[in-house]
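Taking it in order: structure first as structure tokens, then the write-up.
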Ligand code: GNR
Ligand code: NI
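In this note's numbering, the protein residues as written are 2 to 177.
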């Protein structure tokens, strides 16, 4: 099994909205397994398909911090209810490495989604799961957590990421 390369912001693919998946795409089970492997390897608690260049309405997450793994796959997720009560969490993103900022989102959300077998669920999430699921759902709509910050802060982060990408590219050229 191999892991995917994770796209780093800014990248046009991270800004695109993905379309509803009407039937299982070819190689879906393998893609899901590789997404989990990529996420655990990073390590991260969630990974959306566009982050690995797969423009599908799909994400994986596992927000258990200790104990048994709790892998969750969501295809075509939809928030059907969100609490008025908000929660502030310091978020990070595998596509924006090294940046952590506070984001406010509904504390509890109910989400309707299909699992890896295209079986429908409607489940309530709270705590880190609620935050993570909303962060991942945003990726499917081309939205990043820095879009919740002030334009100035976002610009500074984007500049930093461009520099990070330039340096990475330079390192890679030297290796070959
Ligand atoms: O690994 C991740 N941690 C995290 C922490 C707080 C809020 C959201 C996240 S998701 C992130 C992985 C990621 O970038 N998923 O898209
Ligand atoms: Ni992310």
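For each residue, glycine too, the CB sits at the ideal point set by N, CA and C.
Contact belief for residue i with residue j at Cβ below 8 Å, rounded distance in angstroms
{"i": "residue 53", "j": "residue 36", "result": "7 Å"}
{"i": "residue 110", "j": "residue 131", "result": "5 Å"}
Residue i, DSSP secondary structure in three states
{"i": "residue 66", "result": "coil"}
{"i": "residue 111", "result": "strand"}
{"i": "residue 106", "result": "strand"}
{"i": "residue 152", "result": "helix"}
{"i": "residue 42", "result": "helix"}
{"i": "residue 146", "result": "helix"}
{"i": "residue 122", "result": "strand"}
{"i": "residue 25", "result": "coil"}
Beta-carbon contacts of residue i that lie in its chain and below 7 Å, excluding the five residues immediately before and after
{"i": "residue 48", "result": "36, 39, 40, 60, 61, 95"}
Counterpart residues of residue i in DSSP-defined beta bridges
{"i": "residue 47", "result": "62"}
{"i": "residue 75", "result": "60"}
{"i": "residue 132", "result": "None; residue 132 has no bridge partner."}
{"i": "residue 87", "result": "107"}
Cβ-based burial, residue i [other Cβ within 10 Å; buried from 16]
{"i": "residue 158", "result": "buried"}
{"i": "residue 135", "result": "buried"}
{"i": "residue 128", "result": "exposed"}
Cβ neighbours of residue i in the same chain (closer than 6 Å, five flanking residues each side left out)
{"i": "residue 93", "result": "101"}
Sequence-distant residues of its chain with Cβ nearer than 8 Å to residue i (five each side left out)
{"i": "residue 165", "result": "9, 98, 99"}
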